[in-house]
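Its first residue numbered 3, the sequence shown is counted upward by one per residue in our numbering. Where a beta carbon is used, it is the ideal one built from N, C-alpha and C, also for glycine. Note that the coordinates shown come from a computational prediction; the quantities given were computed from them, not determined experimentally. Beneath this line is the structure, given in structure tokens, with notes to follow.
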Amino acid sequence: MRKLWLLIVCCLAAAQAQPASRTTAVEQLGYPAGTKLLILHADDLAVTHSADSASFAALEQQAVSSASIMVPCPWLTEVAAYARTHAEADLGLHLTLTAEWKNYRWGTVARGPLNGLLDSDGYFWPDAASVARHATAAEVETELRAQVDRAIGLGIHPTHLDSHMGTLFDPRFFSVYAKIAREYRLPFLLPRFVMSSPALRGEVQSADILVDTIVVAGPSVQPGDWTAFYVRTVQSLKPGLTEIIVHLSGDDVESAAVMGADAAFGSAWRRRDFDAVTSSTFRKALDDNHVTVIGWRKIQQHWSGAR
């Protein structure tokens, strides 16, 4: 289910090795050369109540600096209520075209015939590869626009856009992703690896901020090594802009029923992510290694002013 996403993550993590060919994010954002910038980002808000509760707690503890919302998911109204009463919360939209869990599914926000986005049961396809095989760019554009409009209509003021399971990094959809972001005047997640692809590089403009490295815990990380994995990540940060993406929730009945108790990205996984980023050990590593934590709002402010 998650193999394509994990492959994309590997590509993103490898981006740090690619030579810079343009102004760096550190320079664009006005920091001194050599600064280690880090976005601590929580994905998948609105997927479950447990994910919402854990993510809200992490935002309020400043254990994460930003988060993003899956607009088609059932707990969207809870996130919207939070956003309306927490204007300081750095919340983007996790643009969603897949529904990967076996017994917990969702479909399009847009009305009308979007058959290429839906499987035979009327839900989103479970993986990015199926979306690429069946959907058209026009259908993707219609759905992405509907998701952004739905969020704004509920009182959410997004700080950025990114892509659930990396679906929008398919060359057929990437231009739509960029188009929607620019139309709504929102920065969007652009890993540096896009510059190695002629099909993607042409969509990047001079004001866009490239994220040098993206880190997500993979299946090779052992449960007992979870916090240590993130500490080692912080200790190994190079100057530039890194994003650590975590998936937060409790390890509870709701999350286990939706995602499985021990599955990759399941309830135990997500609880370990929460425990790691909220730990004093992780916070100390950030301080000891002189890491500057920023959110997407900082990038939004730069991006809006530079356009």
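Unbroken alpha helix (DSSP H) run spanning residue i, endpoints
i, result
"residue 283", "282-290"
"residue 124", "Where residue 124 is concerned, there is no enclosing alpha helix (DSSP H), given that its DSSP letter is neither H nor E."
"residue 277", "269-279"
"residue 85", "78-87"
"residue 65", "Here residue 65 belongs to no alpha helix (DSSP H), and DSSP marks it neither H nor E."
"residue 258", "255-261"
"residue 27", "27-30"
Neighbour flag for residue i against chain D, beta carbons, 8 Å
i, result
"residue 26", "Of the protein chains in this structure there is only one, and it is not chain D."
Residue i, buried or exposed, once every other Cβ within 10 Å from all chains shown has been counted against 16
i, result
"residue 257", "buried"
"residue 269", "buried"
"residue 289", "exposed"
"residue 129", "buried"
"residue 283", "exposed"
"residue 89", "exposed"
"residue 198", "exposed"
"residue 220", "exposed"
"residue 38", "buried"
"residue 12", "The predicted model places residue 12 with a pLDDT of 47, which falls under 50 and marks its position as unreliable; any figure quoted below should be read in that light. By the 10 Å Cβ count, residue 12 comes out exposed."
"residue 264", "exposed"
"residue 74", "buried"
"residue 302", "buried"
"residue 255", "exposed"
"residue 237", "exposed"
"residue 55", "buried"
"residue 252", "buried"
"residue 98", "buried"
"residue 122", "exposed"
"residue 87", "exposed"
"residue 26", "buried"
"residue 187", "exposed"
"residue 194", "buried"
"residue 242", "buried"
"residue 24", "exposed"
"residue 154", "exposed"
"residue 100", "buried"
"residue 65", "buried"
"residue 292", "exposed"
"residue 79", "exposed"
"residue 300", "buried"
"residue 287", "buried"
"residue 222", "exposed"
Heavy atom of the ligand FMN within 7 Å of residue i beta-carbon
i, result
"residue 110", "The ligand FMN is not among the ligands present in this structure, which contains no ligands whatsoever."
Whole-Å CB distance - residue i paired with residue j, under 8 Å assumed
i, j, result
"residue 160", "residue 95", "5 Å"
"residue 298", "residue 162", "4 Å"
"residue 192", "residue 210", "6 Å"
"residue 42", "residue 91", "Contact doesn't hold; Cβ gap of about 14 Å is too wide."
"residue 134", "residue 174", "7 Å"
"residue 71", "residue 35", "Between residue 35 and residue 71 the Cβ distance is about 34 Å, and since that is not below 8 Å, they are no contact."
"residue 340", "residue 103", "This structure gives no information on residue 340, because the portion of the chain shown stretches from 3 to 309."
"residue 40", "residue 244", "5 Å"
"residue 107", "residue 125", "4 Å"
"residue 137", "residue 119", "5 Å"
"residue 93", "residue 69", "6 Å"
"residue 212", "residue 178", "Contact doesn't hold; Cβ gap of about 19 Å is too wide."
"residue 272", "residue 225", "Actually they do not touch by this definition, with Cβ atoms about 12 Å apart."
"residue 85", "residue 158", "5 Å"
"residue 368", "residue 296", "What the structure shows of the chain is the stretch from 3 to 309, and residue 368 is not part of that stretch, so it cannot be assessed."
Segment limits, beta strand (DSSP E) that includes residue i
i, result
"residue 69", "68-71"
"residue 46", "38-47"
"residue 294", "293-296"
**Item:** Touching by the beta-carbon criterion (3+ pairs, under 8 Å), the segment 206-217 and the segment 160-173
**Value:** Contact between the segment 206-217 and the segment 160-173 is absent: fewer than three C-beta pairs spanning the two stretches fall below 8 Å.
**Asked** Looking at C-beta atoms only, is the number of pairs between the segment 233-249 and the segment 279-296 that lie closer than 8 Å three or more?
**Response** Yes, the segment 233-249 is in contact with the segment 279-296.
**Request:** Count the C-beta pairs between the segment 141-150 and the segment 100-120 that are closer than 8 Å, then say yes if the count reaches three, no if not.
**Result:** Contact check between the segment 141-150 and the segment 100-120: three or more CB pairs, one atom from each, fall below 8 Å, which counts as touching.
**Message:** Using 8 Å as the cut-off, can you tell me whether the segment 220-235 makes contact with the segment 28-39, which would need three or more C-beta pairs spanning the two stretches below that distance?
**Reply:** Flag = no, the segment 220-235 and the segment 28-39 do not touch.
**Message:** So within the segment 188-250, which uninterrupted beta strand (DSSP E) runs reach at least 3 residues, ignoring any that extend past its ends?
**Reply:** Runs of the beta strand (DSSP E) inside the segment 188-250: 215-217, 242-249.
**Message:** Which complete beta strand (DSSP E) runs does the segment 133-182 hold, if anything under 3 residues is left out?
**Reply:** You should have 163-165.
**Residue ranges of each beta strand (DSSP E) within the segment 84-114, 3 or longer** = Scanning the segment 84-114 from its first residue to its last, the whole beta strand (DSSP E) runs of 3-plus residues come out as 93-97.
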